[in-house]
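In the working numbering, the protein residues as written are 898 to 1221.
From the three backbone atoms N, C-alpha and C, an ideal C-beta is built for every residue, glycine too.
Note that the coordinates shown come from a computational prediction; the quantities given were computed from them, not determined experimentally.
Step one of this worksheet: look at the structure below.
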Ligand SMILES: [Fe+2]
Ligand SMILES: [Zn+2]
């Protein structure tokens, strides 16, 4: 597909400072901060990105109404499951309630779909059920809306761990079953068919549908999900999985594809240059910031120090402007 030119690129006229792009947003906006691919075995980079996220929120007085944890929440072993000390040291303490007094809506990545030693999927669902944390995952696929009062965006959180027919898995890895894949798809379309009650509709999941990173485009998601994104005019799809930051637009496609995979796992080298397919892709650690107002959505990628990498706005109906 060709890149969309429905977006006007203000940034090509000269770069805006991070502050300029920040203050352009509506002060009454609802704020969401997002990270993907964060719970890495070696937490060196995760801790740096988390410090950058906390510093950014403080510097700009961002009091988010939600965190999005975009999957690959736990790499490696999660001994003790829902009782693992990693929950405290590398979730609660790094993204603390003192800075982020809000639910942390989580989706499942391929590294969560591992029995290491027991199912990390079950551990994450159990930790959410315990009710002692902001960690929010009522099911593997679920719906929520933001802000809680007079919501502007309906979010459908999906599980993108598709069965691999004939594919060889490592013994500890697993996926959705084909039956679960079909159940989720039926649920997804039922939710999409409901009358829209918010100006925006967004989907979050771990695997990208389209990616300039080494994982590339996902044939199952292109077959199962992309026609529904088009048919029901999904405004925004947020994912992780490739360890980089991206924003892709396609001509005639209603959806903005926003990928935030720089939360702490080792970075990947891009496979497609953003000059070929973009407007933006970069091998860099970082996190993302979504501001919601009735007038527009503002999406930003920030690096591990909280410096602005890329920003865009999107009005209801899909008209977009790249700010930086
Ligand atoms: Fe990952
Ligand atoms: Zn992944």
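- Annotation for residue 1147: no alpha helix (DSSP H) segment contains it, and DSSP assigns it neither H nor E.
- Distance from the CA atom of residue 1071 to the CA atom of residue 905, rounded to whole angstroms, is 42 Å.
- Measuring C-alpha to C-alpha distances from residue 1081 to each of 1054, 981, 1006 identifies 1054 as the nearest.
- Approximately 5 Å separates the beta-carbon atoms of residue 1017 and residue 975; this is inside 8 Å, confirming the contact.
- For residue 947, the Cβ stays outside the 6 Å cut-off from all heavy atoms of ligand 1.
- Exposure of residue 1027 is indicated by the presence of fewer than 16 other C-beta atoms within 10 angstroms of its C-beta.
- Contact check for residue 1207 against residue 1177 passes: the beta carbons are separated by less than 7 Å.
- By the Cβ test, the stretch 1031-1042 is in contact with the stretch 1001-1014, since at least three Cβ pairs between them sit closer than 8 Å.
- Taking the Cα positions, residue 1038 is about 13 Å away from residue 1099.
- Collapsing the DSSP output to three states places residue 1100 in a strand.
- Counting along the chain, the unbroken alpha helix (DSSP H) around residue 1020 starts and ends at 1017-1026.
- When secondary structure is reduced to three states using DSSP, residue 986 falls in the helix class.
- An exposed status is given to residue 1047, since fewer than 16 other beta-carbon atoms sit within 10 Å of its beta-carbon.
- Assigned with DSSP and collapsed to three states, residue 1073 falls in coil, not helix or strand.
- Residue 927 and residue 1200 have their C-alpha atoms some 21 Å from each other.
- Following the DSSP letters along the chain, one finds residue 1126 inside the alpha helix (DSSP H) bounded by residues 1123-1128.
- About 5 Å separates the Cβ atoms of residue 934 and residue 1137, confirming a contact at the 8 Å cut-off.
- Per DSSP, the beta bridge partners of residue 1217 are 904, 1211.
- Residue 1205 sits close to residue 1221, with the two beta carbons spaced by under 7 Å.
- Ligand 1 never approaches residue 931 closely enough for any of its heavy atoms to be under 6 Å from the residue's Cβ.
- Scanning its chain for C-beta atoms nearer than 8 Å, with the 5 sequence neighbours on each side dropped, one finds no residue around residue 982.
- Within the same chain, 951 come within 8 Å of residue 993 by CB-CB distance, once the 5 residues on both sides are set aside.
- Taking residue 1154 as the centre and dropping the five residues before and after it, the same chain places the C-beta of 1107, 1134, 1145 closer than 6 Å to its C-beta, in chain order.
- Ligand 2 approaches residue 969 closely enough that one of its heavy atoms is under 6 Å from the residue's Cβ.
- Using a C-beta cut-off of 8 Å, the stretch 1154-1163 makes contact with the stretch 1178-1196, since at least three inter-stretch Cβ pairs fall below that distance.
- Straight across, the Cα-Cα distance linking residue 1166 with residue 1143 is about 12 Å.
- A Cβ-Cβ separation of about 6 Å places residue 971 in contact with residue 1009 under the 8 Å criterion.
- Taken atom to atom, the span from the alpha-carbon of residue 1023 to that of residue 1069 is near 19 Å.
- Short of 6 Å from the beta carbon of residue 979, and not among the five residues preceding or following it, lie these beta carbons of its own chain, in chain order: 1020, 1023, 1024.
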